[in-house]
Every structure is written in structure tokens, then in C-alpha cells.
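Peer 1: Chains as they are written, first to last, in the numbering used here: chain A, 589 to 765; chain B, 589 to 765. We put the beta carbon where it would ideally sit given N, CA and C, even for glycine.
There are 2 protein chains.
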Amino acid sequence: MKKTLSLSKVYQFLEPGPVVMVSTSYKNKNDIMTMSWHTMMDFEPPIVGCVISNRNYSFENLMKTNECVINIPTAALAKKVVGCGNTSGRKINKFNQFHLTPKLASKVKAPLIDECYVNLECKVIDKKLGKKYNFFILQVLKAWINPAEKNQKTLHHHGKGVFSISGKKIKLPSKMK
Amino acid sequence: MKKTLSLSKVYQFLEPGPVVMVSTSYKNKNDIMTMSWHTMMDFEPPIVGCVISNRNYSFENLMKTNECVINIPTAALAKKVVGCGNTSGRKINKFNQFHLTPKLASKVKAPLIDECYVNLECKVIDKKLGKKYNFFILQVLKAWINPAEKNQKTLHHHGKGVFSISGKKIKLPSKMK
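Structure (C-alpha cells):
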């Protein structure tokens with residue numbers, strides 16, 4: 589069962605650079621894209637920058653709807669993550685193909701991927717660099733977390749299907765936010 | 589001893605989201621900034637987007653010189669990484685304070701941090717979003733790696749000095765670059 593994740597804490601989940609799955613919906617057709625090229629841009633409201641290539645089916649959906657959900661999968665979902673990366677929404681429905689569950693979001697029409705332990709409902713707030721760099725700036729409107737999976741291991745892509753899985757945590761005295 | 593890292597492979601080191609140390613130099617004064625807010629934007633030449641707040645001393649250096657080096661530290665350097673994040677170049681020389689070694693770069697005036705296992709010499713190619721979002725787009729001109737440390741563990745920040753250390757690697761059949 590998911591709970592609300594405070595918007596002030598969203599950066600703690602994206603900052604370490606996990607592979608994410610971006611879900612979109614246009615004319616009731618859902619799609620999923622695997623993505624590693626994203627960065628936090630501000631803390632609160634959480635602003636996220638990401639690169640979504642115009643070769644991706646999701647690019648069109650995002651351009652048309654200005655909405656998406658960033659879903660963070662645990663390492664246990666690695667096969668589905670790579671499956672979504674290897675295929676195109678032009679040809680298949682990825683929710684069906686990879687047995688992923690679309691769930692109604694609260695602020696956007698794009699669906700949450702229920703199997704992911706964190707879901708971030710986003711709207712596009714700036715696409716000035718969309719044409720030149722395929723770069724979109726998103727604002728997180730609403731965030732969800734499965735509290736039972738709070739300290740999950742995440743996937744970090746090194747290219748060509750090689751991932752490192754996040755390992756042990758350390759804490760050092762820090763003034764950093 | 590560092591060797592040239594092929595520009596076509598740079599993304600494999602930044603894509604997984606490691607904490608990096610950005611070094612700059614202005615009027616022979618070197619500075620270092622700890623940074624987690626970065627993303628790959630293109631493969632080759634490697635283009636990197638990053639957020640460097642205007643509250644940071646490094647922001648001024650970058651604005652004035654349009655050059656920097658992105659240095660990737662191993663987990664073994666965690667204390668120095670956090671030290672550089674906790675202090676300001678306005679008050680101290682971080683190379684001296686944290687016993688880090690500046691080394692001459694080949695394409696830029698900013699120094700490499702010798703202790704980091706990967707160094708990426710960069711020039712700013714776009715700062716259109718610099719004022720509004722503190723967002724800089726960099727092109728990697730030259731990349732270095734210590735081959736003996738190729739498979740190093742990296743640090744991934746979750747906020748407030750909590751880091752996960754990259755763990756074991758897996759490989760899945762993938763069409764992804």
C-alpha cells in the first residue's frame with residue numbers, strides 16, 4: 589500500500605541516479621520508457637530535468653500531454669526494466685507485455701506503475717531545450733512511496749545492460765541538504 | 589597512472605549517477621565543489637548537463653572561465669567528498685585543506701583532481717538556463733581513467749550525508765546503448 593511521500597524528500601530518491609521508468613498516456617494508450625538520463629534541478633517544489641529522445645514513442649506522448657510519471661523500480665524488477673528498454677510502445681503495450689500494473693494517478697492522466705516502490709507524478713514546465721537537446725524540465729506534483737520498501741536497492745546503468753545495484757549505506761557528518 | 593578514456597565510453601561512468609567533484613580555476617585560484625545533480629545529455633561528443641547553484645563559489649568561476657573538470661571519486665574518498673561539500677572556496681583552498689592533488693589538464697585550465705579515478709575535461713557550451721535554473725550544459729573534451737581502478741565503487745547521495753555505495757554488477761541482454 590502506497591503512502592504520500594513528502595515533496596521535500598523527493599530529491600533523496602532521484603539524486604543517487606537510479607534507472608527509472610517513465611510512464612505516459614495519450615488517448616488512453618499507455619506507454620513506458622526506461623530512462624537513466626535525469627537530474628534533480630531544485631528541492632521544493634521538486635524540479636527534475638530529463639532527456640527523452642525524439643526517437644522514443646514516449647517523446648511524442650510527452651510533447652502532446654505535458655505529463656508523465658517517473659517510477660523508480662527496485663533491483664528486483666531488473667528484467668522488466670530492461671524489457672521496457674529493449675522494446676517500443678509503437679509496437680507493443682508494455683504494461684501487458686511485462687505484466688506491469690497501471691494505477692490511476694491523482695494529478696495527471698499518465699498511470700503509476702504499481703510495482704515500482706516510488707512514483708512521482710510530473711508535469712512539464714519547460715521544454716525550451718526540448719528540440720535541441722531533447723531536454724524536458726518537470727515539476728513533481730505528487731509523490732508516492734511504498735513504506736515497506738523504503739530502503740530498497742536500485743539499479744544504476746553503466747550502458748549495454750550492465751547495472752550496478754546500490755549497496756550498503758554510509759552516513760557522514762554533512763551540512764549538505 | 590592515468591590513460592585516455594575514449595569519449596564514446598564517458599556515459600558509462602556518469603550515467604549511474606555518482607557523486608562527482610567539479611574543479612575550476614580562475615586567476616590561478618583553484619576550487620572544488622561536490623555535486624550530485626548532473627545528467628548525460630548525449631553520447632558522443634559526450635554532453636553533460638549539471639546544476640551549479642549561484643550560491644557556490646564555483647558558479648562564479650564557471651561563469652567567468654566556461655571551463656571545469658568533472659572528477660569521479662571512489663567510495664574510498666568519501667570523507668574528502670563530504671569535506672568539499674561542507675566548505676566554501678571563498679574561505680579555504682580545498683586542495684590544501686583536504687590533501688587533494690591538482691594536476692595539469694590538457695584542454696582546460698581547471699585542474700584534474702589526481703586522486704579521482706576518472707577525470708573529464710569540460711567546456712560550457714550552453715548556459716541559456718544558467719540564470720533561471722543554474723543549469724549548465726558541458727561538452728567533455730578529453731577524458732582520463734586510472735585503468736587499475738576501472739571497476740571502482742562509487743558514492744550515490746541520498747541527502748544529508750547519507751550515501752549508498754555501488755554494489756555488485758549484473759548484466760542483462762540489452763539493446764540499450
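For a test of the three-state rule: what should DSSP assign to Gly-637/B, helix, strand or coil?
Peer 2: Reading the second sequence from its first residue, position 49 is the one you call residue 637/B. In this structure, Gly-637/B counts as strand in the three-state DSSP scheme.
Peer 1: Measure from the C-beta of Ala-731/A to each C-beta in chain B and report whether the shortest distance is under 8 Å.
Peer 2: One-based indexing of the first sequence puts residue 731/A at position 143. So, not an interface residue.
Peer 1: Assign Asn-642/A to one of two classes, buried (16 or more other C-beta atoms within 10 Å of its C-beta) or exposed (fewer than that).
Peer 2: By 1-based counting over the first sequence, the position of residue 642/A is 54. Counting Cβ neighbours within 10 Å, Asn-642/A comes out exposed, since fewer than 16 surround it.
Peer 1: What does Ala-666/B touch in chain A if you count any residue whose Cβ is under 8 Å from its own?
Peer 2: What you label residue 666/B is simply residue 78 of the second sequence in a count that begins at 1. Simply Ile-758 and Leu-760.
Peer 1: With DSSP run on the structure shown, which of helix, strand or coil describes Lys-590/A?
Peer 2: Taking the first residue of the first sequence as 1, we reach residue 590/A at position 2. It is coil, neither helix nor strand.
Peer 1: Would you call Lys-763/B buried or exposed, if buried means 16 or more other Cβ atoms sit within 10 Å of its Cβ?
Peer 2: As a first step, residue 763/B is located in the second sequence; it is residue number 175 there, counting from the start. Flag for Lys-763/B reads exposed.
Peer 1: How should Thr-689/B be labelled, buried or exposed, when 16 other C-beta atoms within 10 angstroms of its C-beta is the threshold for buried?
Peer 2: Along the second sequence, read from residue 1 onward, the residue named residue 689/B stands at position 101. Flag for Thr-689/B reads exposed.
Peer 1: Does the beta carbon of Glu-632/A come closer than 8 Å to any beta carbon on chain B?
Peer 2: Along the first sequence, read from residue 1 onward, the residue named residue 632/A stands at position 44. Judged by the 8 Å Cβ criterion, Glu-632/A is not in contact with chain B.
Peer 1: Please compile the residues from chain B whose C-beta is within a distance smaller than 7 Å of the C-beta of Leu-708/A.
Peer 2: Position 120 of the first sequence, counted from the start, is the residue given in the question as residue 708/A. Near Leu-708/A there are no residues of chain B at all, since even the closest Cβ is about 16 Å away, more than 7 Å.
Peer 1: Taking Ser-752/A as part of the alpha helix (DSSP H), name the residues at either end of that continuous run.
Peer 2: By 1-based counting over the first sequence, the position of residue 752/A is 164. Here Ser-752/A belongs to no alpha helix (DSSP H); instead the beta strand (DSSP E) covers 750–759.
Peer 1: Please report the distance separating the alpha-carbon of Gly-637/A from that of His-744/B.
Peer 2: Reading the first sequence from its first residue, position 49 is the one you call residue 637/A. Reading the second sequence from its first residue, position 156 is the one you call residue 744/B. When rounded, the distance between both Cα atoms is 18 Å.
Peer 1: Consult DSSP for Lys-715/B and reduce its assignment to one of helix, strand or coil.
Peer 2: Here residue 715/B refers to the residue found at position 127 when the second sequence is read from its first residue. In this structure, Lys-715/B counts as coil in the three-state DSSP scheme.
Peer 1: Beta-carbon of Pro-604/A versus every beta-carbon of chain B: anything under 8 Å?
Peer 2: Within the first sequence, the letter at position 16 stands for residue 604/A. Judged by the 8 Å Cβ criterion, Pro-604/A is in contact with chain B.
Peer 1: Which residues share a DSSP beta bridge with Gln-727/A?
Peer 2: Locating residue 727/A in the first sequence gives position 139, where the first residue counts as 1. DSSP output for Gln-727/A lists Ile-635/A and Lys-711/A as bridge partner(s).
Peer 1: Look up Ser-618/B in the DSSP assignment and give the residues it is bridged to.
Peer 2: The residue you call residue 618/B lines up with position 30 of the second sequence. Here residue 618/B turns out to be Asn, not Ser, going by the sequence shown. According to DSSP, Asn-618/B bridges with Ser-613/B.
Peer 1: From what residue to what residue does the alpha helix (DSSP H) around Asn-684/A run?
Peer 2: Position 96 of the first sequence, counting from 1, holds the residue named residue 684/A. Note, Asn-684/A: alpha helix (DSSP H), 682–685.
Peer 1: So, helix, strand or coil for Pro-690/B, using DSSP?
Peer 2: Mapped onto the second sequence, residue 690/B falls at position 102. Strand, per DSSP.
Peer 1: Rounded C-beta distance between Ala-736/A and Leu-708/A? I'm assuming under 8 Å.
Peer 2: Along the first sequence, read from residue 1 onward, the residue named residue 736/A stands at position 148. Along the first sequence, read from residue 1 onward, the residue named residue 708/A stands at position 120. Incorrect: roughly 18 Å between the Cβ atoms, too far for contact.
Peer 1: Under 8 Å, Cβ to Cβ, is there at least one residue of chain A near Met-609/B?
Peer 2: For the purposes of this step, residue 609/B is taken as residue 21 along the second sequence, with counting starting at 1. No, because no Cβ of chain A sits closer than 8 Å to the Cβ of Met-609/B.
Peer 1: Return no unless some Cβ of chain A is closer than 8 Å to the Cβ of Lys-682/B.
Peer 2: The residue labelled residue 682/B in the question sits at position 94 within the second sequence. No, no contact with chain A.
Peer 1: In terms of residue numbering, what span does the beta strand (DSSP E) encompassing Cys-656/B cover?
Peer 2: By 1-based counting over the second sequence, the position of residue 656/B is 68. First-last of the beta strand (DSSP E) with Cys-656/B: 655–660.
Peer 1: Would you call the stretch 671–682 of chain A in contact with the stretch 608–620 of chain A, where contact means no fewer than 3 C-beta pairs closer than 8 Å?
Peer 2: Short answer: they touch.
Peer 1: Could you check where the alpha helix (DSSP H) with Leu-602/A kicks off and where it finishes?
Peer 2: In the first sequence, residue 602/A corresponds to position 14, counting from 1. Run containing Leu-602/A: 599–602, per the alpha helix (DSSP H) assignment.
Peer 1: Return helix, strand or coil for Met-764/B, following the three-state DSSP convention.
Peer 2: On the second sequence, residue 764/B is found 176 positions in, with the first residue counted as 1. It is coil, neither helix nor strand.
Peer 1: Taking the alpha carbon of Lys-691/B as the point to measure from, which residue in Leu-726/B, Asn-681/B and Glu-703/B has its own alpha carbon closest?
Peer 2: Numbered from 1 along the second sequence, position 103 holds the residue referred to as residue 691/B. Measuring from the Cα of Lys-691/B, the nearest candidate turns out to be Glu-703/B.
Peer 1: Less than 8 Å separating the beta-carbons of Lys-668/A and Tyr-614/A?
Peer 2: Here residue 668/A corresponds to residue number 80 of the first sequence, with the count starting at 1. Here residue 614/A corresponds to residue number 26 of the first sequence, with the count starting at 1. It is not a contact, given that the beta carbons lie outside the stated cut-off.
Peer 1: My guess is that His-626/A and Pro-604/B are in contact by the Cβ rule of under 8 Å, so how many angstroms apart are they, rounded?
Peer 2: Looking up residue 626/A in the first sequence gives position 38. Looking up residue 604/B in the second sequence gives position 16. Rounded, the Cβ-Cβ distance is 12 Å, inconsistent with contact.
Peer 1: Using the beta-carbon of each residue, which ones in chain A are nearer than 9 Å to Ile-753/B?
Peer 2: One-based indexing of the second sequence puts residue 753/B at position 165. By Cβ distance, chain A contributes Ser-754, Gly-755, Lys-756, Lys-757 and Ile-758.
Peer 1: For Gly-767/B, tell me which candidate among Gly-755/A, Pro-633/A and Met-629/A has the shortest Cα-Cα distance.
Peer 2: The structure shown does not extend to residue 767/B, since chain B is modelled only from 589 to 765, so the question has no answer here.
Peer 1: Is the beta carbon of Leu-726/B sitting closer than 8 Å to the one on Lys-711/B?
Peer 2: Within the second sequence, numbered from 1, the residue matching residue 726/B stands at position 138. Within the second sequence, numbered from 1, the residue matching residue 711/B stands at position 123. For Leu-726/B and Lys-711/B, yes; Cβs fall inside 8 Å.
Peer 1: Against chain B, which members of the stretch 613–643 of chain A pass a CB distance test of less than 8 Å?
Peer 2: Hits within the stretch, in order: Thr-622, Ser-624, Trp-625, His-626, Thr-627, Met-628, Met-629, Asp-630, Ile-635, Gly-637, Cys-638 and Val-639.
Peer 1: Name the one or two DSSP bridge partners that His-744/A has.
Peer 2: Counted from its first residue, the first sequence places residue 744/A at position 156. Paired residue(s): Ser-752/A.
Peer 1: Mind listing the chain A neighbours of Val-670/B? Cutoff is C-beta to C-beta under 8 Å, in chain order.
Peer 2: If you number the second sequence from 1, residue 670/B lands on position 82. By Cβ distance, chain A contributes Leu-760, Pro-761, Ser-762 and Met-764.
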